[in-house]
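Residue numbers (the working numbering), protein chains in the order written: chain Y, 1 to 250; chain E, 251 to 642.
Think of the CB as a built atom: it goes at the ideal place given N, C-alpha and C, for glycine as much as any other residue.
Scroll down for the structure; my scribbles are underneath it.
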């Protein structure tokens, strides 16, 4: 069976350390997949491999049957993959609407964009987006002065403006309040179906709320895959997390 | 419904800010055009035209450095190439003393060159020379940018490579004395004549030519920064890697910024030859190239107008100080002090200072802004205009 996004026996090593070692992962279109695992399991590296930040030394990555692993980052993005980084990455000297305008990337050429104003006709939609993530009061401010939580929201909004087929989220709720985390969960549930999501998270209550299937990584490999109940019962997963309380206590 | 009201109320200040900016730019250009009206001194006009040309050069660097984060220490390379293109065309229009009409340029005769080199021949055509003055720097910038930016070389390494490229071309020109005039450069040039108009270096005609080109270049560069490409350039300056993950080919945007900057610098170089009446390897010199960076830093590299006025201000001050008897020995020290002060206290240069003051005024007038909106804008325009006049 071939899925929408597929990692086949992917491996990468940094100076001999195999951060991801024979990872195989299949994600269906419209699915929301959570990726969990102890620190150093290779979750972020797995996302890096998909979005092209890191090139695999072995194996292949396919989106809808098209190999991604030899493409450059911008080509992978054009193929429909968007990424939110663990350390929120926004354009600090640009305002919130300017950030969104950059992310709104229907056309990517130099000259195609030269004849377009930096404020496009879609600005209304982009401002609604800013409102949706609660940044309507910070429209004039450079993104550099936003709080950590606001920066997280801005980067999520950037991904919504980009509107990619596949959204990779690396710890989206880090630094968020309980209320904001709930809001994020609602947003993700809405995105599911229209987009394919892969979410790396540590917050188990958040994962329980949003996920269909969880993939557990350990030492660069896929350790287990299944529903929340399956995963919680799995003795290998408990072993990997070293806690008697299971993943809920991690 | 609520969202629509919100978004329109936000758009007004952004558009207004653009208009305020355009009117400030326009006012400065107007002030520059008015200088010959109040000043009837061809010698001074020539001097001010020279400052304006250097202002264009600094503005070009602001486009690549301030807006795209490319610190080009070899900005004088584009400038010098443009300057030599114009000098070659004007040299071929001079009737040589020894060889007569249509003969070899004098320095080639002294160097025992028998016939005109192939790459000189097209410069008999002035349109070709004008084209080459832009195309040669642009092609070189694209070539250099292609290797540098596709290899994802960034930061200080770009600065070093661009500086090295400048030195290489500079040495090449000095070395090929037979074809380039070597250390002496290309001197004894004819006056530029376009559509029956003569541009004597010491005349208001040349000053107006420089002022016109400056205005066109300034607004063209402003248009680039206001386009989406300009926005993406700024995003690249902020966080290059992030831009890639939105599907933009960062190298293409950087090459564009580098080449656009080279084109403007090339145009400035051509004007410099007209104003100075010669071309010299010092136009591609390391000291000039590094000075451009300082002018940009003083004026504010993230403002095209700021960088331009910075260059005019600093070169003007240099000229005034080095000519005055009191500072004859110490003017370098004074200039050094000014640079240190600016770098320490005004990280965004003079433009940053003006911006802070403007925002202060805006902040006070925020309530009244929706109703009238005019007073704050009026104030900035006159303020900056005055500054420009002082500088010029």
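Of the residues the options, the one placed nearest residue i, counting alpha carbons only
{"i": "residue 279 (chain E)", "options": "E:450, E:461, E:322 and E:371", "result": "E:461"}
{"i": "residue 588 (chain E)", "options": "E:386, E:547 and E:301", "result": "E:547"}
{"i": "residue 217 (chain E)", "options": "E:553, E:594 and E:307", "result": "Residue numbering for chain E in the displayed model covers 251 to 642; residue 217 (chain E) lies beyond these limits and cannot be assessed."}
{"i": "residue 454 (chain E)", "options": "E:296, E:273 and E:270", "result": "E:296"}
{"i": "residue 69 (chain Y)", "options": "Y:44, Y:12, Y:107 and Y:236", "result": "Y:12"}
{"i": "residue 211 (chain Y)", "options": "Y:197, Y:111 and Y:148", "result": "Y:197"}
{"i": "residue 604 (chain E)", "options": "E:353, E:559 and E:512", "result": "E:559"}
{"i": "residue 32 (chain Y)", "options": "Y:235, Y:209, Y:152 and Y:217", "result": "Y:209"}
{"i": "residue 562 (chain E)", "options": "E:293, E:289, E:273 and E:309", "result": "E:309"}
{"i": "residue 154 (chain Y)", "options": "Y:131, Y:167 and Y:52", "result": "Y:131"}
{"i": "residue 169 (chain Y)", "options": "Y:34, Y:14 and Y:148", "result": "Y:34"}
{"i": "residue 205 (chain Y)", "options": "Y:219, Y:194, Y:163 and Y:228", "result": "Y:228"}
{"i": "residue 150 (chain Y)", "options": "Y:187, Y:90 and Y:167", "result": "Y:90"}
{"i": "residue 113 (chain Y)", "options": "E:579, E:499 and E:445", "result": "E:499"}
{"i": "residue 362 (chain E)", "options": "E:469, E:415 and E:426", "result": "E:426"}
{"i": "residue 22 (chain Y)", "options": "Y:220, Y:76, Y:187 and Y:50", "result": "Y:220"}
{"i": "residue 392 (chain E)", "options": "E:315, E:580 and E:502", "result": "E:502"}
{"i": "residue 534 (chain E)", "options": "E:549, E:572 and E:421", "result": "E:421"}
{"i": "residue 458 (chain E)", "options": "E:574, E:287 and E:414", "result": "E:287"}
{"i": "residue 81 (chain Y)", "options": "Y:46, Y:63 and Y:88", "result": "Y:63"}
{"i": "residue 201 (chain Y)", "options": "Y:99, Y:7 and Y:214", "result": "Y:214"}
{"i": "residue 268 (chain E)", "options": "E:578, E:473 and E:410", "result": "E:473"}
One or two residues paired with residue i in a DSSP bridge
{"i": "residue 226 (chain Y)", "result": "Y:214"}
{"i": "residue 447 (chain E)", "result": "E:444"}
{"i": "residue 558 (chain E)", "result": "Bridge partners of residue 558 (chain E): none, in fact."}
{"i": "residue 36 (chain Y)", "result": "Y:216"}
{"i": "residue 11 (chain Y)", "result": "Y:21 and Y:58"}
{"i": "residue 349 (chain E)", "result": "None, per the DSSP bridge assignment."}
{"i": "residue 195 (chain Y)", "result": "Y:192"}
{"i": "residue 200 (chain Y)", "result": "Y:35 and Y:170"}
{"i": "residue 95 (chain Y)", "result": "Y:142"}
{"i": "residue 27 (chain Y)", "result": "Y:5"}
{"i": "residue 529 (chain E)", "result": "E:436"}
{"i": "residue 82 (chain Y)", "result": "Y:167"}
{"i": "residue 117 (chain Y)", "result": "E:477"}
Contact set between residue i and chain Y, taken where Cβ atoms lie within less than 9 Å
{"i": "residue 610 (chain E)", "result": "Those within 9 Å of residue 610 (chain E) in chain Y number zero; the least Cβ separation is about 15 Å."}
Amino acids of chain Y, ordered along the chain, whose beta-carbon sits closer than 7 Å to that of residue i
{"i": "residue 498 (chain E)", "result": "74, 105 and 108"}
{"i": "residue 489 (chain E)", "result": "89 and 91"}
{"i": "residue 503 (chain E)", "result": "110"}
{"i": "residue 506 (chain E)", "result": "110"}
Proximal residues of chain E, C-beta to C-beta of residue i below 9 Å
{"i": "residue 5 (chain Y)", "result": "Within 9 Å Cβ-Cβ: nothing; residue 5 (chain Y) doesn't reach chain E, min ~16 Å."}
{"i": "residue 102 (chain Y)", "result": "478, 481, 482, 484, 485, 492, 493, 496 and 498"}
{"i": "residue 113 (chain Y)", "result": "477, 478, 479, 480, 481, 482, 498 and 503"}
{"i": "residue 98 (chain Y)", "result": "481, 484 and 485"}
{"i": "residue 162 (chain Y)", "result": "495, 496 and 497"}
7 Å Cβ cut-off: residues of chain E touching residue i
{"i": "residue 51 (chain Y)", "result": "495"}
{"i": "residue 78 (chain Y)", "result": "497"}
{"i": "residue 83 (chain Y)", "result": "495"}
{"i": "residue 154 (chain Y)", "result": "Correct list: empty, because the minimum Cβ distance to chain E is about 12 Å."}
Under 8 Å by beta carbon: chain E residues contacting residue i
{"i": "residue 118 (chain Y)", "result": "476, 477, 478, 480 and 481"}
{"i": "residue 94 (chain Y)", "result": "481, 484, 485 and 488"}
The stretch 174-187 of chain Y / the stretch 109-121 of chain Y touching (three or more Cβ pairs under 8 Å): Contact fails: fewer than three Cβ-Cβ distances are below 8 Å.
Near-chain Y residues of the stretch 457-485 of chain E (beta-carbon distance less than 8 Å), N- to C-terminal order: The stretch 457-485 of chain E vs chain Y, Cβ under 8 Å: 474, 476, 477, 478, 479, 480, 481, 482, 484 and 485.
Segment contact, 8 Å Cβ cut-off, at least three pairs: the stretch 480-487 of chain E with the stretch 321-328 of chain E: no
At least three beta-carbon pairs within less than 8 Å, the stretch 157-166 of chain Y to the stretch 94-110 of chain Y: yes
contact_flag[the stretch 422-436 of chain E, the stretch 351-361 of chain E] where n(CB pairs < 8 Å) is 3 or more: Per the Cβ contact rule, the stretch 422-436 of chain E is in contact with the stretch 351-361 of chain E (3 or more Cβ pairs under 8 Å).
Cβ contact check for the stretch 462-472 of chain E and the stretch 290-307 of chain E: 3 or more pairs under 8 Å: Judged by pairs of C-beta atoms under 8 Å, the stretch 462-472 of chain E touches the stretch 290-307 of chain E, as three or more such pairs exist.
Validate contact between the stretch 55-62 of chain Y and the stretch 122-140 of chain Y using beta carbons, cut 8 Å, 3 pairs: no
Meets three-Cβ-pair contact criterion under 8 Å: the stretch 280-289 of chain E and the stretch 516-524 of chain E: no
Residues of the stretch 16-31 of chain Y with Cβ closer than 7 Å to any Cβ of chain E, in chain order: none
Any 3 or more C-beta pairs closer than 8 Å across the stretch 518-532 of chain E and the stretch 330-346 of chain E: yes
Inter-stretch contact at 8 Å, needing at least 3 Cβ pairs: the stretch 442-452 of chain E / the stretch 381-388 of chain E: no
Meets three-Cβ-pair contact criterion under 8 Å: the stretch 494-509 of chain E and the stretch 313-320 of chain E: Yes, the stretch 494-509 of chain E touches the stretch 313-320 of chain E.
The stretch 336-350 of chain E contacting the stretch 436-448 of chain E, beta-carbon criterion three pairs below 8 Å: yes
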